[in-house]
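Visitor: Residue numbers (my numbering), protein chains in the order written: chain A, 1 to 218; chain B, 1001 to 1218. Each residue gets a CB set at the ideal place from its N, CA and C atoms; glycine is no exception. Quantities reported herein were computed from a predicted structural model and do not represent experimental measurements. A single structure is presented below for examination.
Number of protein chains: 2
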Amino acid sequence: MPVPVPEATVARLPLYLRALHALAESGRGTVSSEALAAAAGVNSAKVRKDLSHLGSYGTRGVGYEVEELVFEISRELGLTQGWSVVLVGVGNLGHALAGYGGFAGRGFRIAALLDADPARVGELVGDQRVQHVDQLAEVVRATGVTIGVIATPAQAAQQVCDALVDAGVTSILNFAPVVLSVPDGVDLRKVDLAVELQILSFHQHRRTALRESREVLA
Amino acid sequence: MPVPVPEATVARLPLYLRALHALAESGRGTVSSEALAAAAGVNSAKVRKDLSHLGSYGTRGVGYEVEELVFEISRELGLTQGWSVVLVGVGNLGHALAGYGGFAGRGFRIAALLDADPARVGELVGDQRVQHVDQLAEVVRATGVTIGVIATPAQAAQQVCDALVDAGVTSILNFAPVVLSVPDGVDLRKVDLAVELQILSFHQHRRTALRESREVLA
DNA sequence: GAGTGTGAACGTCTTCACAGCA
DNA sequence: TGCTGTGAAGACGTTCACACTC
Chain A
1 MPVPVPEATV ARLPLYLRAL HALAESGRGT VSSEALAAAA GVNSAKVRKD
51 LSHLGSYGTR GVGYEVEELV FEISRELGLT QGWSVVLVGV GNLGHALAGY
101 GGFAGRGFRI AALLDADPAR VGELVGDQRV QHVDQLAEVV RATGVTIGVI
151 ATPAQAAQQV CDALVDAGVT SILNFAPVVL SVPDGVDLRK VDLAVELQIL
201 SFHQHRRTAL RESREVLA
Chain B
1001 MPVPVPEATV ARLPLYLRAL HALAESGRGT VSSEALAAAA GVNSAKVRKD
1051 LSHLGSYGTR GVGYEVEELV FEISRELGLT QGWSVVLVGV GNLGHALAGY
1101 GGFAGRGFRI AALLDADPAR VGELVGDQRV QHVDQLAEVV RATGVTIGVI
1151 ATPAQAAQQV CDALVDAGVT SILNFAPVVL SVPDGVDLRK VDLAVELQIL
1201 SFHQHRRTAL RESREVLA
C-alpha cells in the first residue's frame, strides 16, 4: 500500500457505510456512485475517488456490490475486529452514547461504564452495570480495551484522560468541551456538540444581515 | 467586507471562543497568538491568520485583549443577538443537549422542547415543559425561532425536518444518523456521534497493523 | 450505453518566514 | 525586543472530463 488513504476520505467512509447499510436493508444488491452519493449527501466524483483509494471494487457500466463494499469499508476502518470501548461519564450524554445504535451496530462493544458519582454506581445501563471510576485501571486491564470515550463534565475530563492513558488506552474520543492533552502515541479526537450550532448561527446571521442590507438599498 | 471569512476559519472560531472564555475566567487580560493556540489546540500561525480575517484586533509586541476578542468573535458568529432554538426529541441526547452549557452559555436559548412520546409531554426539563411535536408549527410561530435541533431517532428525523421547514425554520442542526434533505435556502448541518469513533478505529487499526508487520520483518 | 477509475486543472487551507509596528 | 499581520509557497482536497471496461 504505497499511497495512504487521505484523511478526508477516511472521514467520509463512515458516511458511506451508513448509507450502504440502509441500502442493504432495503434489498439493493448494487449501487452506482451516483446513487451512493445521493444517499450519503455528497457528489459522485468524490465517491468514486474515495472508493478508488480502497481498491477497485466497482464494475464499469454496473456499479458497486453493496455487500462487498460494506465489507471492504468496514475492513479499512478496522471495524471487523470488534473493538471494546470503555465509557467514562454516565450522565445524559453517556446514556445517549451507551444506547446509540451507531456504536453497538458497528463493531463497538461497550465493555465498561464508569462514573464518579456513587449514586450512579451499580445502575444498569443496557447490559452493563456502572462501576466507580476508581476502578478504571483495573477495568482496562481486565477487559483489554484500547479505546476510551470521555463523556464527563469539562472539569473532570483531563483527569480521566490521564487515567485512561496511564492504564494503557491509546485512542480517546472526547465529548467534554475542553482541549485535552495527551502524550505522543495516543490518538485523541473530539466532538463538540456546540460547534456546529455556532457555525449555523454564523450563516443564519450573515444571511439575515445580507437581506437587511439589500432592503436598505431597495 | 470584500473578502469573506473562510469556512475553515468559521469552524475554528467557536474553539477560540471557548478558550478565550476560559482565559477570561482565569483573569487573563491579554493573550498572544501562541498562548491562544496552545489553549485551543492549534498552531499560532493559524490563529493569527484566522483572527486577521475579522480585522486587526491585536497589538504587535503584546497580543490580543481577551475581552475584546471574545466580543468580536461572538459578533462575527452572530452570537450576540441571542438566538432562540427549538429542540425536537427529548430522549437521552435531547436531555444532554438541553442541559449543555455550550448552548445556554453562548447566546442560545431553548425556546421549546418537543417530543412525539405522550409519556414525555409535560415533563419539566430545565425551565421548559415538553410539548407534543404536533404543536410544532404553532410553537415556531409563537416563539419566532429560526433554528431547529433534531435529536430524534433516525426514522422520525426527515418528517420532523420537513415540519420545521414548513413552519419557517431556516437553520437546522441534525443529530439523527440519517442524511436529511431540505429545500434551497435552508441551512442544514449535522453531527454524527459515531463518525469520530470510526475514524479513531481506523487509526488504531492501522497502528496495530503497522506494528505487526514490523514485528514480522524483525 | 452505462458507469468506473483517474490524470489534470482548479480551488482551498496550512505553513513559512519576515516586514513592520508597539 | 516581541509579537502581529500577511505575501508567497506548498500541501491538500475537490471537481472536471474522458479514456476505458463491462
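1) Alpha carbon to alpha carbon, what distance is there between B:Ala1209 and B:Leu1217?
2) Could you give the uninterrupted runs of the alpha helix (DSSP H) lying entirely in the stretch 1032–1061 of chain B, keeping only those of 4 residues or more?
3) Against chain B, does A:Phe103 count as a neighbour if the rule is that its beta carbon must be under 8 angstroms from one of theirs?
4) If you scan the stretch 105–173 of chain A from start to end, which runs of the beta strand (DSSP E) of 3 or more residues do you find wholly inside it?
5) Along chain A, in chain order, which residues have C-beta atoms closer than 8 angstroms to that of B:Val1182?
6) For B:Met1001, count neighbouring Cβ atoms within 10 angstroms of its own Cβ and tell me buried if that reaches 16, exposed if not.
7) Are B:Ala1194 and A:Pro14 close, meaning C-beta to C-beta below 8 angstroms?
8) Return yes when the Cβ of B:Leu1069 is within less than 8 angstroms of the Cβ of B:Leu1020, no when it is not.
9) Got a sec: is the Cβ-Cβ distance from A:Gln158 to anything in chain B below 8 angstroms?
10) Since A:Val145 and A:Val169 are thought to touch, with beta carbons under 8 angstroms apart, how far apart are those beta carbons, to the nearest angstrom?
11) My guess is that B:Ala1157 and B:Leu1180 are in contact by the Cβ rule of under 8 angstroms, so how many angstroms apart are they, rounded?
12) Can you pull the chain B residues whose beta carbon is under 7 angstroms from the beta carbon of A:Gly99, in chain order?
13) Quick one, which residues of the stretch 196–208 of chain A are near chain B if we go by CB-CB under 9 angstroms, in chain order?
14) Hey, would you say B:Cys1161 sits closer than 8 angstroms to B:Ile1172, going by beta carbons?
15) By the criterion of Cβ-Cβ separation under 9 angstroms, what are the contact partners of B:Pro1006 in chain A?
16) According to DSSP, is A:Glu7 helix, strand or coil?
17) What distance in whole Å lies between the Cβ atoms of B:Ala1163 and B:Val1178, which are believed to be in contact at a cut-off of 8 angstroms?
18) Is any beta-carbon of chain A found at less than 8 angstroms from that of B:Ile1110?
19) List the residues of chain A whose Cβ lies closer than 7 angstroms to the Cβ of B:Asp1187, in chain order.
20) Can you pull out the residues from the stretch 1146–1172 of chain B whose beta carbon lies closer than 7 angstroms to at least one beta carbon of chain A?
21) Which residues in the same chain as B:Val1062 place their Cβ atom closer than 7 angstroms to its Cβ, once the five residues preceding and following it in sequence are excluded?
22) Taking 8 angstroms as the CB-CB cut-off, is B:Pro1014 touching chain A?
23) Against chain A, does B:Pro1177 count as a neighbour if the rule is that its beta carbon must be under 8 angstroms from one of theirs?
24) Kindly indicate which three-state DSSP category B:Arg1207 falls into: helix, strand or coil?
25) With a Cβ-Cβ cutoff of 8 angstroms, do B:Thr1143 and B:Ala1104 count as a contact?
26) According to the Cβ coordinates, are A:Ser33 and A:Arg48 closer than 8 angstroms?
27) Drop a sphere of 10 angstroms on the beta-carbon of B:Val1066, count the other beta-carbons inside from all chains shown, and report buried for 16 or more, exposed for fewer.
28) Could you tell me which residues DSSP pairs with B:Ser1201 in its beta bridges?
29) Can you tell me the Cβ-Cβ gap for A:Val121 and A:Asp127, rounded? I've got them flagged as a contact below 8 angstroms.
30) Give, in chain order, every residue of the stretch 1116–1139 of chain B whose Cβ lies closer than 7 angstroms to some Cβ of chain A.
31) When we look at the beta-carbon of B:Glu1196 and count the other beta-carbons within 10 Å, is it buried (16 or more) or exposed?
Guide: In short:
1) Roughly 13 angstroms separates the two Cα atoms.
2) Annotation: the stretch 1032–1061 of chain B contains the following complete segments of the alpha helix (DSSP H) (minimum length 4 residues), in chain order: 1033–1040, 1044–1052.
3) Yes, A:Phe103 lies at the interface with chain B (some Cβ there is under 8 angstroms from its Cβ).
4) Runs of beta strand (DSSP E) with 3 or more residues, each lying fully within the stretch 105–173 of chain A, are found at 108–115, 128–132, 147–150, listed in chain order.
5) Listed by position along chain A, the residues whose Cβ is nearer than 8 angstroms to that of B:Val1182 form an empty set, because the closest Cβ is around 11 angstroms away.
6) Note that B:Met1001 scores 48 on pLDDT, short of 50, meaning its location in the model is unreliable and no value can be drawn from it.
7) For B:Ala1194 and A:Pro14, yes; Cβs fall inside 8 angstroms.
8) In contact: B:Leu1020 and B:Leu1069 (Cβ atoms closer than 8 angstroms).
9) No, its Cβ sits nowhere closer than 8 angstroms to a Cβ of chain B.
10) About 7 angstroms separates the beta carbon of A:Val145 from that of A:Val169, a gap short enough to meet the 8 angstroms contact definition.
11) The Cβ separation is near 6 angstroms, so the contact holds.
12) Within 7 angstroms Cβ-Cβ: Asn1092.
13) Result list: Glu196, Leu197, Gln198, Ile199, Leu200, Ser201, Phe202, His203, Gln204, His205, Arg206, Arg207, Thr208.
14) B:Ile1172 sits close to B:Cys1161, with the two beta carbons spaced by under 8 angstroms.
15) Ordered by position in chain A, no residue passes the 9 angstroms Cβ test against B:Pro1006, which lies about 12 angstroms from the chain.
16) Correct three-state label for A:Glu7: helix.
17) Not really, about 15 angstroms apart at Cβ, beyond 8 angstroms.
18) Output row for B:Ile1110: interface = no.
19) Per Cβ cutoff of 7 angstroms: Leu200, His203, Gln204.
20) Going along the stretch 1146–1172 of chain B in chain order, one finds Thr1146, Ile1147, Thr1170, Ser1171 with a Cβ nearer than 7 angstroms to chain A.
21) Only residues of its own chain outside the window of five on either side were considered, and among them Thr1030 have a CB closer than 7 angstroms to the CB of B:Val1062, listed in chain order.
22) Interface flag for B:Pro1014 against chain A is set, since a Cβ pair is found closer than 8 angstroms.
23) Flagged as an interface residue toward chain A: B:Pro1177, by a C-beta distance shorter than 8 angstroms.
24) Collapsing the DSSP output to three states places B:Arg1207 in a helix.
25) No, these two residues do not count as a Cβ contact at 8 angstroms.
26) Going by C-beta atoms, A:Ser33 is nearer than 8 angstroms to A:Arg48.
27) Around the beta-carbon of B:Val1066, 16 or more other beta-carbon atoms lie within 10 Å, marking it buried.
28) Looking at the DSSP output, B:Ser1201 bridges to nothing.
29) 17 angstroms between Cβ atoms; not a contact.
30) If you check each beta-carbon in the stretch 1116–1139 of chain B against every beta-carbon of chain A, none falls closer than 7 angstroms.
31) So B:Glu1196 counts as buried.
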